[in-house]
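The numbering of the sequence shown is this note's numbering, which starts it at 49 and goes up by one. Every residue, glycine too, gets a C-beta built ideally from N, C-alpha and C.
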Amino acid sequence: MRFADRAEAGRALARALAGRVRGDVVVLGLPRGGVVVAAPVAAALHAPLDVLVVRKLGLPGRPELAMGAIAAVGETVETVRAADVLEAAGVDDAAFAAVRERELAELARRVVAYRTGRPPVPVGGRTVVLVDDGLATGSTMRAALAALRVQGPAGVVVAVPVASPRVVAELSAEVDELVCLSAPAWFRAVGQAYADFSATPDDAVRAALAASVG
Numbered sequence: 049m050r051f052a053d054r055a056e057a058g059r060a061l062a063r064a065l066a067g068r069v070r071g072d073v074v075v076l077g078l079p080r081g082g083v084v085v086a087a088p089v090a091a092a093l094h095a096p097l098d099v100l101v102v103r104k105l106g107l108p109g110r111p112e113l114a115m116g117a118i119a120a121v122g123e124t125v126e127t128v129r130a131a132d133v134l135e136a137a138g139v140d141d142a143a144f145a146a147v148r149e150r151e152l153a154e155l156a157r158r159v160v161a162y163r164t165g166r167p168p169v170p171v172g173g174r175t176v177v178l179v180d181d182g183l184a185t186g187s188t189m190r191a192a193l194a195a196l197r198v199q200g201p202a203g204v205v206v207a208v209p210v211a212s213p214r215v216v217a218e219l220s221a222e223v224d225e226l227v228c229l230s231a232p233a234w235f236r237a238v239g240q241a242y243a244d245f246s247a248t249p250d251d252a253v254r255a256a257l258a259a260s261v262g
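Here you go:
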């Protein structure tokens, strides 16, 4: 399965979720691309859309490879470590802390930039649908889940257009439901599932959030 872009992937994901998620629902997109995917999902579910800001902690010298992630929900910031990556690369605590400190500043900037003064949508006691444009290592989604759980949601559904089969198997045991449209055995990177996987600008995130139903 290959998508033209994130908007098309979001529409396909919305069709897959229709009728599967009911009740008091809120949709959270992981920036930046996940918010664009989440927008049609929220519209189809007649649910408010919000952003759950997550930052990958890239391996020193190989920033594209996640050695962990941090996520913010309200006043909470959670950190997740990719133990296998850290061990294989021999990253010590000081190096990890330095990357985390740098990304915390960017995390705070994005929270301000995306919210533009809007308070977070309450998630306590509600069913939360967490959406991203894909899952490679799963580190950013795990950080999002860790930050979300302290807010006391009634249930959590992870929804993505594409993912690594290994990550789908692992995360399925950690959430109430995981909806993934494509988990190919040949998976190597999320971008392979998109004809257009160009970077999502901040303005596109703000526009999607501003158009939400609530």
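On the criterion of 16 or more Cβ atoms from any shown chain inside 10 Å, does residue i qualify as buried, or is it exposed?
i: T188; result: buried
i: V206; result: buried
i: E154; result: exposed
i: G71; result: exposed
i: E151; result: buried
i: A74; result: In the sequence as presented, Ala is not what sits at residue 74; that position holds Val. Answer is buried; the Cβ neighbour count reaches 16.
i: P232; result: exposed
i: R214; result: exposed
i: P209; result: buried
i: A211; result: buried
i: G67; result: exposed
i: R80; result: buried
i: S260; result: buried
i: G109; result: exposed
Following the continuous beta strand (DSSP E) through residue i, name the residue where it begins and the one where it ends.
i: G77; result: 73-77
i: G106; result: 101-107
i: E275; result: Outside the displayed span of the chain (49 to 262) sits residue 275, for which this structure offers no information.
i: L178; result: 175-179
Measure how close the beta-carbons of residue i and residue j come, nearest whole angstrom, since I'm counting them as under 8 Å.
i: L65; j: V99; result: In fact, because the Cβ distance is near 18 Å, the residues do not count as touching under 8 Å.
i: I118; j: E112; result: With 8 Å as the limit, I118 and E112 do not qualify as a contact, their Cβ atoms being about 17 Å apart.
i: G182; j: A202; result: At roughly 26 Å, the Cβ-Cβ gap does not stay under 8 Å, so G182 and A202 are not in contact.
i: V89; j: L61; result: 6 Å
i: L107; j: A137; result: 6 Å
i: L226; j: S220; result: 5 Å
i: R254; j: T164; result: 6 Å
i: A95; j: G58; result: That belief does not hold up - the Cβ atoms of A95 and G58 are roughly 13 Å apart, past 8 Å.
i: L196; j: V171; result: 7 Å
i: L193; j: V223; result: 7 Å
Specify the secondary structure class of residue i as computed by DSSP and reduced to three states.
i: R50; result: coil
i: E123; result: coil
i: P209; result: strand
i: T188; result: helix
i: E222; result: coil
i: R110; result: strand
i: V332; result: This structure cannot speak to residue 332, because the chain is shown only from 49 to 262.
i: V204; result: strand
i: G116; result: strand
Kindly indicate the opening and closing residues of the alpha helix (DSSP H) around residue i.
i: V147; result: 141-163
i: G81; result: 81-93
i: A252; result: 250-258
Would you please verify whether the beta carbon of residue i is less than 8 Å from any beta carbon of chain C?
i: A195; result: The displayed structure is made up of one protein chain only, and chain C is not part of it.
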